[in-house]
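Below is one structure, written out as structure tokens; the observations come after it.
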Amino acid sequence: MRVKPFDKLARRMERSRNGATQTMRAPTIRDVAERAGVSKSLVSLVLRGSDQVRDEKRQAVLAAVEELGYRPNAAARSLSERRTRTVGVLLNDMRNPWFVELLDGLNSRLHDSGLHMLLADGHLNRRLGEDLTRTFVDLRVDGLIAVGTLPAAEALRTAAGQIPTVVAGAREPELPGVDVVANDDERGARLATEHLIGLGHRRIAHIAGRGTVGELRRRSFEAVMREHGLAAEAVVEQGDLTEEGGYRATVRLLSARERPTAVFAFNDIACVGALSAAEELGLQVPRDLSLVGYDNTYLSRLRHLWLTTVDSAGHDVGRRAAQCLLDRIADPARPGEVVLTAPALEVRGTTAPPLGQAGAGAGATAVRAVRDAE
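Put into structure tokens, the structure is as follows:
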């Protein structure tokens, strides 16, 4: 019996579809193991972020994953491991640029271990009166990281009793079994204050922040001023951590009969406000007024601002917070610890000796120094 041309075409199309189906088959963990020349169990260890795999084997597996375009079945893996491989991150204020750098470090370390962030706005949470920690618990996240100072300490305590929890970028609340990872704020404030004193400044003001971090920086500023016999010259003006708050605080400081020759602001955002206030009042920075910020955010590195600031190692804080969470997931019963990263002074274009003391102070030449990396 003769086969009609239409039947031949239909059979060719069917064979083509079958071939395409086989060609387009998603790669499996077995394919990755064969390509890398290792066992399936070793591939699983690498994908889980285990540190019990030799580096050469790890690199071979990762290369095979990349070449084949392998994507683990997240749902199946979650069921087998009884984990969702997600981490809830509750952020105090999404508008704070320092938190962006912290989140970058946090996400990079979690990603290395095959975990993903679920990000929630703690500021919105407060306005709506919602408890997002409970939402994260209901979602069965593997862990929770609170970034910045969150007022609902009791809610965080409850969550910490059910899932591994870490506080990052803040010093409160301190709860049993909860790790705290932050910058050494006292050391950072000391660096800023001693830099200004070294330049020859005596009348120095501090725009203070709120909460435990604000208290630590303020106390350190006052302690350094006392150590140098300048307690009577120290002025503290409360700010609200925003550009507008820094502006208003600086206007008040510069309206005083004995205005300061230098201002150390709680953060870079407030320092930008201080810079605006000085310029509006006809003062040149740093000739008439020296300014120091805190955090070394992208704002401080803008060429038209070029702020002297304290680098509070946001990326490092994030990575260490992620590592603390991974350690706590592995060992939930271990005691909580406080981990502090080391700050560093970044001298740029907003600090100089006070007028009439162009050569004064050990820090006079340092004001012109900018790190080679910049």
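Going left to right, the sequence shown walks through residues 690 to 1063 as the working numbering numbers them. Ideal placement from N, C-alpha and C gives every residue a C-beta, glycine not left out. On a predicted model such as this, the values are computed, not experimentally measured, just so you know.
Within its own chain, the residues whose Cβ lies closer than 7 Å to the Cβ of Pro949, once the five positions on either side in sequence are excluded, are Arg892, Ile893, Ala894, Val924 and Leu942, listed in chain order. CA-CA distance, Asn956 to Leu792, rounds to 18 Å. In this structure Glu1035 is buried. Its beta-carbon is surrounded by 16 or more other beta-carbon atoms within 10 angstroms.
When DSSP reads this structure, Gly832 sits in a beta bridge with Val776. A direct Cα-Cα distance of roughly 10 Å separates Gln1012 from Ile1018. Restricted to the region 908-992, the beta strand (DSSP E) segments that are unbroken, complete and at least 3 residues in length are 924-927, 951-954 and 979-981, listed in chain order.
The DSSP-derived three-state label of Ala753 is helix. For Ala725, the enclosing alpha helix (DSSP H) covers residues Ile718 to Ala725.
Taking C-beta separations shorter than 6 Å and ignoring five residues to either side along the sequence, the partners of His890 in its chain run Thr950, Ala951 and Pro1043, following chain order. Only buried fits Ser979, as 16 or more other CB atoms lie within 10 angstroms of its CB. Look at Ala871 here: in three-state DSSP terms it is strand. The C-alpha of Asn781 is placed about 21 Å away from the C-alpha of Gly962.
The distance from the Cβ of Pro1032 to that of Ala1010 is about 16 Å, inconsistent with a contact at the 8 Å cut-off. Here the region 969-983 does not lie against the region 916-930, with fewer than 3 beta-carbon pairs under 8 Å apart. In the structure shown, His800 falls within a helical segment according to DSSP collapsed to helix, strand and coil.
Comparing alpha carbon positions, the residue from Lys729, Ala715, Pro1021 and His1004 closest to Val870 is His1004.
Just measuring C-alpha positions, the residue of Gly850, Ser944 and Leu804 sitting nearest Thr822 is Gly850. Cα atoms of Ala841 and Leu1029: separation of roughly 23 Å, rounded to the nearest angstrom. In the DSSP annotation of this structure, the continuous segment of the beta strand (DSSP E) that includes Asp810 starts and ends at His805 to Asp810.
In this structure, the beta-carbon distance from Phe910 to Thr882 falls below 8 Å.
Ranked by how close their Cα comes to the Cα of Leu736, the residues Arg724, Val750 and Asp744 have Val750 in first place. A distance below 8 Å separates the beta carbons of Gly777 and Val830.
Glu861 and Phe788 have their C-alpha atoms roughly 16 Å apart. Rounded to whole angstroms, Ser728 and Arg719 show a C-alpha spacing of 8 Å.
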